[in-house]
Amino acid sequence: MTLYSFGSNGSGQLGQGHMEDTDTPHPVQFADPTTAPPLTDKVELAFGGNHTLLLDCASGRLFGSGDNQHSQLGQLPSVSQSALTKFVELQLPKGARPVAHIAAGWEFSVVITDDGAVYTAGKGPKGELANGNGDIKQHREFIKVYQFDYNRPGSQVVKAVASMAHVVVLLESGELYGWGVSRKGQLGLASASTGVSMRPVAIDFNAGRDAPCKAMDVACGRTFTLVMARDETQAQSVILLSNDKTMTKFAEDLSGLGDNVSDPIISVTAGWSTIHVLSQSGQLFSVGNNSHGQLGPSDKTALRFASQSAGTEHYLGISHSGSNSTVSTWGWGEHGNCGPDYTESRPKGELYEVFNGPVRAVYGGYASSWILA
1 MTLYSFGSNG SGQLGQGHME DTDTPHPVQF ADPTTAPPLT DKVELAFGGN HTLLLDCASG
61 RLFGSGDNQH SQLGQLPSVS QSALTKFVEL QLPKGARPVA HIAAGWEFSV VITDDGAVYT
121 AGKGPKGELA NGNGDIKQHR EFIKVYQFDY NRPGSQVVKA VASMAHVVVL LESGELYGWG
181 VSRKGQLGLA SASTGVSMRP VAIDFNAGRD APCKAMDVAC GRTFTLVMAR DETQAQSVIL
241 LSNDKTMTKF AEDLSGLGDN VSDPIISVTA GWSTIHVLSQ SGQLFSVGNN SHGQLGPSDK
301 TALRFASQSA GTEHYLGISH SGSNSTVSTW GWGEHGNCGP DYTESRPKGE LYEVFNGPVR
361 AVYGGYASSW ILA
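Going by UniProt numbering, the first residue of the sequence shown is number 1, and it counts up by one from there.
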């Protein structure tokens with residue numbers, strides 16, 4: 001399989017061997033092709049402001065590209081900045097287990113190994129590094145900061161996500177843990193008063209609910225966390241964790257989304273200030289800021305997506321027709337995320353088809369787009 005990237009590339013984060021923005025998907029490159037991983041559908045990507053993490057899930061090997069000014073890619077003493085325009089293999093401390101999950105924020109990276117150990121690197125002035133010490137705002141290499149207790153039933157990590165300055169981890173039990181900025185209630189409304197969580201804390205997303213739920217999926221926006229949850233009767237709900245006035249006005253629009261049991265929700269994704277909920281039948285429901293057309297066409301009744309991902313201010317969806325797939329995008333296309341046909345003069349929210357082929361996954365980053373095909 002091949003991983004393609006396009007969009008913003010001022011620090012080489014697209015991994016294409018240069019630092020120019022591109023509006024057409026091109027294959028990523030590895031600094032050492034002889035040790036490049038055999039990309040399969042078991043690939044995780046995580047995105048910072050100007051850096052990218054790539055995890056080959058089969059082997060647990062971690063790669064990175066882009067900006068390393070604050071050591072967000074860890075310690076790379078023998079690699080020049082120019083070499084970071086291609087993916088290089090990143091190193092954890094000696095003795096660390098294979099990597100199982102990754103997340104990234106503005107200038108930091110989070111790595112979780114298959115035994116539940118959490119490592120962070122880069123710059124995190126507001127608790128993003130989870131080191132418990134507000135005076136240590138930078139890790140110049142990946143440092144172990146936390147250990148999930150995998151001896152406790154259900155404590156295994158199944159997903160890690162992050163936005164600009166907060167991180168959320170989903171456990172097998174349906175619990176959520178998080179750290180970083182919490183002033184807007186993105187780590188649970190009870191955490192808003194603290195402003196910052198320097199260590200992983202349990203996130204209470206059931207506050208005020210009659211029937212406690214387990215989290216099934218999670219996504220992070222700039223000032224909020226979005227939870228897809230299910231209660232013991234298998235009833236679904238979409239929960240917004242935020243006291244941000246620009247986001248809470250959309251909370252009523254989220255109510256009732258999981259009530260249609262014949263068309264259950266299969267995924268949630270979030271941009272900086274947008275929310276996208278996808279159902280099993282392929283129907284898409286989007287709310288949030290639409291200043292760049294991030295919510296897409298006003299009439300989505302004819303759209304059917306099988307998978308989705310949101311970048312900071314744009315959206316990607318996969319539709320299937322037989323053995324062929326199409327990747328469609330919309331939103332802010334200044335850096336190329338809506339393809340070569342995008343212009344500011346065209347209607348906001350217009351859909352652009354940017355790729356055709358046997359697509360397996362799409363990923364949205366910080367004004368960047370990625371396709372695994």
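Where a beta carbon is used, it is the ideal one built from N, C-alpha and C, also for glycine.
Span of the alpha helix (DSSP H), counted from its first residue to its last, around residue i
i	result
K246	One point to set straight first is that residue 246 is Thr, not Lys, in the sequence displayed. Run containing T246: 245–248, per the alpha helix (DSSP H) assignment.
A251	251–254
Classification of residue i by the beta-carbon crowding that lies within 10 angstroms, buried from 16 upward
i	result
E353	exposed
Q280	exposed
R152	exposed
N324	exposed
G333	buried
residue 424	With the chain represented from 1 up to 373, any question about residue 424 goes unanswered, as that position is not in the structure.
Q72	buried
K126	buried
S237	buried
E313	buried
P37	buried
E344	exposed
S109	buried
S298	exposed
G134	exposed
E20	exposed
D56	buried
P25	buried
Q16	buried
Q186	buried
Which of helix, strand or coil DSSP assigns to residue i
i	result
L257	coil
L84	helix
S182	coil
A190	helix
T40	coil
W272	coil
G317	strand
G349	coil
H166	strand
S279	strand
F205	coil
F285	strand
G147	Looking at the sequence provided, one finds Gln at residue 147 rather than Gly. Note: Q147 maps to strand in three-state DSSP.
Q294	coil
S267	strand
R61	strand
Q156	coil
S262	coil
G322	coil
G174	coil
G365	coil
Element boundaries [beta strand (DSSP E), containing residue i]
i	result
T301	Element bounds for T301: n/a, residue is neither H nor E.
P200	196–202
R230	225–231
C338	Counting along the chain, C338 falls outside any beta strand (DSSP E), and DSSP gives it neither H nor E.
V359	Run containing V359: none; DSSP gives neither H nor E here.
S369	368–372
S71	Run containing S71: none; DSSP gives neither H nor E here.
D217	213–220
W332	W332 -> no beta strand (DSSP E), and no H or E assigned at all.
S237	236–241
As an exercise, report each continuous alpha helix (DSSP H) stretch of at least 4 residues that is fully enclosed by the region 74–143, in chain order.
none
Could you tell me which whole beta strand (DSSP E) segments of length 3 or greater appear in the UniProt repeat "RCC1" (1–58)?
3–7, 22–27, 43–47, 51–56
Do the region 139–157 and the region 201–217 meet, that is, are 3 or more Cβ pairs less than 8 Å apart?
no
Taking 8 Å as the threshold, find out whether the region 111–118 comes into contact with the region 142–152 through three or more Cβ pairs.
yes
Could you say if the region 214–230 and the region 160–177 meet the contact criterion of at least three C-beta pairs nearer than 8 Å?
yes
Determine, using beta-carbon pairs with one atom in the region 224–233 and one in the region 263–271, whether at least three such pairs fall under 8 Å.
yes
When the Cβ atoms of the region 93–108 are set against those of the region 25–34, are three or more pairs found closer than 8 Å?
no
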